């Protein structure tokens, strides 16, 4: 992965993490930094999944890839938020 690819993944991760917080109902017990990290990981996993299925390289904007990324990020934020919430109550 090139430096440009890494910077792009970070920027996309910021956006994907923020979208995941907006998609989930209620308040998440997760910091914004952790949300960004989950977003970056979700962006990379979503891209890999979209490429494996064959929908990552299309003409124009890749909406299906974005949907994969947001859904994976929402699941990740939900899981990490629930784990952090449990650790605080103990």
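In full-length UniProt numbering, the protein residues as written are 1 to 90.
We treat Cβ as the ideally placed atom computed from N, Cα and C, and that holds for glycine.
As the structure is a prediction and not an experimental result, all values here were calculated from the model.
Query, Result
"Nearest candidate by alpha-carbon position, reference residue 53, set 43, 23, 64, 75", "64"
"Buried/exposed call for residue 68, threshold 16 Cβ in 10 Å", "buried"
"Beta-carbon proximity of residue 84 to residue 34, cut-off 9 angstroms", "yes"
"Three-pair Cβ contact test at 8 angstroms for the region 21 to 30 versus the region 42 to 53", "no"
"Nonlocal neighbours in the same chain, by C-beta distance under 6 angstroms from residue 12, ignoring five residues either side", "43"
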